[in-house]
Each structure stands twice: as structure tokens, then as C-alpha cells.
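Written out below as C-alpha cells is the structure these notes cover.
Put into C-alpha cells, the structure is as follows:
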């Protein structure tokens, strides 16, 4: 993620919008009849903690269409998942594989990871195409297979006509079309100017959002004031503590930490100069301890829990931007750790 800075929204001038609409009106012909959408197919197979789902974007296609096939596999975190490869076209029966693309993995609430892959399939001749069972391997020995499906493929030619049709002649455009165009452009331009004026007034009245470090420190104080530890709910306490640190990293460094597994996140920050080696080691120990509590039911001692909260506070304070720290009353404690008092570090 280049830059790791705050992304600013692109401002489009109303004049640019009007000019673009004029160009579109000049180049566009009369609208054609739209094709109706076709409902897709979904098939799901489960075995214990494993789940495999197959999705087709349509039930039937023509010889001029491509069929989009999606495989979604849910497995435990860290367990390797192997999908069918487009190089083995026999796996997809009579279909030809145009291309394939991997779907980014996503950590689910239950601690499992959702993997996925998409394939674009091309038929050649009309007929009923038998999509064979597709097998996905989990780990070294386990696997799940989808059920075979039949996809009807019809010809893209007009029924009863085996010859290509000649190119149709030009359509007659009514003479006063430009009058409608001018009226439409005027309405769009007026709406764009009104929307631009409303956005400017809203930006002027809206308060500036709190910086990520203030949100994180306030969230830590709120978490400590809860009764989760007193009630013995260590798992919920560490989940909230981990979420606070991950959302702070996302807001401060632009990394999508809440959507990544601990392994993926640590691998991504290992080569980033924005986070020092010392802070990377601190994050590694903290996140791995949180994962042990969430997934391995590890119960840390009270001093370890206090140390985890202290480590989170120190990480937030030590990574406050220099310009923000120098302008705040707590800037020197946040940016110069050796001058902090023991009370401030706590």
C-alpha cells in the first residue's frame, strides 16, 4: 500500500461533469433492449469443520457467453487449501477455462478462514454440458468434492437461421434530439452545482474526526473500566483488546489489519519502514498471545493481562505522528519514551 497516508476524496468540477455528459450524448445511439438476468446455481458440501461451496452465475448460457464459476472453501486458520488448477482443463469437463483468479482470504468470526477462487468457462458448441465434480484438498489428507451439474448451452444464432445476418442499416435519429440533450444537460448541471454546494457547507460545519491515537487510547480506558476480567471473561477482553490495536493500525498506517489473519498481517509489516523492528516484535508477541487466548483457550495471569494493556498503550503513544505529537500537550511523552515517567508509561 504505497504512501500509507490519508487518502483524500477526488473532487470533480461541475464543468467537467457537464462536458463528459455532452460527449456521452454525442456518442450514444438509441438504447437497445436489455437482456434479462438469469438466476445462478449454488451447491454446498460440508464435512465436520470443513465447508465447500460452488456458485455459477447463470443456470444456462449461449455459445457467445462465458460462465463464471466460484469455489469458496472454509477451513481452520493455517490449514492449506488447494483448488483445482486451470492448467488441468479435464477437471472442468467439456468447458474451456479462459482464466482464473484467486479471491483474497478472509478471517471469519468463528476463527476459520474463507478461501476462494473464480474461473471463467467458455463453451464451444450448443448442447447440455456436464460440469464434473470438482475436488478441493484441505491439508495433507482431507478433501471435499462438489456435486456434478448440468448446464444447458444454446446457440447464439437466431433460431431457424444458420447464416450470419447482414449488418443493419443506420438508424434514423430524430432531428430535435439535441433539444432533449440540452435540457438534460442543464438539469444535470444544476443538480451537480447544488450537490457541490451542499457538500461544501457540510464539510464546513462537520467537526474534524478524532485522530486514531485518541480513539485507541479512549477505547483502552473504556475496556479497562469494564467488568470482563472480574467476571472471568478473558476471551472477550482479549478480543476487544486485539480489535482496538488492529483498528488503530488501520487508521494510523493504512493497513487493513482487522481483515487479515495474524500471520498475514505480520508478514506484511515485516518489510515496512513505518513500523520499527522493536514495534514489530512488540506487535508479534501481543497478537500471538491474543490468538492463544481466542483460539487455544489460554488463560493468562492477571499481571500478563495488565502487561498486554500496557504494551498496547505504549505502542499507540510511541507511534503518534510527529506533527500531532509536537502540537499536543502529551507530545514529548509520546515521542521520547526515555523521558516518560513510570506513571505516564502505565
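In the working numbering, the protein residues as written are 19 to 364.
A virtual CB, placed ideally from N, CA and C, is assigned to each residue, including glycine.
Of the listed residues the options, nearest to residue i (C-alpha basis)
i, options, result
"residue 138", "199, 321, 89 and 62", "89"
"residue 235", "267, 206 and 221", "267"
"residue 168", "302, 144, 320 and 225", "144"
"residue 149", "109, 130 and 159", "109"
"residue 160", "212, 128, 94 and 184", "94"
"residue 135", "99, 126, 129 and 162", "99"
"residue 228", "269, 197, 330 and 259", "269"
"residue 87", "81, 116, 63 and 80", "116"
"residue 332", "78, 124, 231 and 163", "231"
"residue 60", "259, 220 and 164", "164"
"residue 171", "67, 78 and 306", "78"
"residue 175", "320, 309, 80 and 206", "80"
Inter-residue Cα distance where the pair is residue i and residue j
i, j, result
"residue 340", "residue 166", "60 Å"
"residue 140", "residue 103", "16 Å"
"residue 146", "residue 69", "28 Å"
"residue 97", "residue 157", "6 Å"
"residue 208", "residue 199", "14 Å"
"residue 218", "residue 272", "26 Å"
"residue 265", "residue 195", "53 Å"
"residue 155", "residue 279", "21 Å"
"residue 72", "residue 173", "25 Å"
"residue 295", "residue 203", "56 Å"
"residue 335", "residue 121", "36 Å"
"residue 252", "residue 313", "12 Å"
"residue 8", "residue 300", "One cannot answer for residue 8 here, as it falls past the ends of the chain, which runs 19 to 364."
"residue 354", "residue 291", "Confidence is the limiting factor: at residue 354 the pLDDT is only 34, short of 50, which leaves the residue's position unreliable, though a coordinate-based value still follows. The alpha-carbon atoms of residue 354 and residue 291 are separated by roughly 19 Å."
"residue 243", "residue 119", "46 Å"
"residue 226", "residue 260", "26 Å"
"residue 133", "residue 92", "6 Å"
8 Å contact criterion, which residue i and residue j should meet: CB distance rounded
i, j, result
"residue 318", "residue 311", "7 Å"
"residue 241", "residue 323", "That belief does not hold up - the Cβ atoms of residue 241 and residue 323 are roughly 11 Å apart, past 8 Å."
"residue 111", "residue 142", "Not a contact, Cβ separation roughly 12 Å."
"residue 263", "residue 316", "Wrong, their Cβ atoms sit about 18 Å apart, outside the cutoff."
"residue 337", "residue 297", "7 Å"
Residues bridged to residue i [DSSP beta-bridge criterion]
i, result
"residue 62", "71"
"residue 145", "171"
"residue 121", "134"
"residue 99", "156"
"residue 88", "73 and 136"
"residue 79", "171"
"residue 292", "DSSP, once it has assigned bridges, lists no residue as partnering residue 292."
Chain B contact for residue i (CB, 8 Å cutoff)
i, result
"residue 99", "Going by chain labels, chain B is absent from the structure shown, which holds only one protein chain."
Run through the region 167-245 for me and flag every whole alpha helix (DSSP H) of 4 or more residues, listed as ranges in chain order. Counting only runs of at least 4 residues, the region 167-245 fully encloses the following alpha helix (DSSP H) elements, listed from N- to C-terminal order: 195-223 and 230-242.
Every unbroken alpha helix (DSSP H) inside the region 296-337 [4 residues or more]: Entirely contained in the region 296-337, the alpha helix (DSSP H) runs reaching 4 residues are, in chain order, 320-336.
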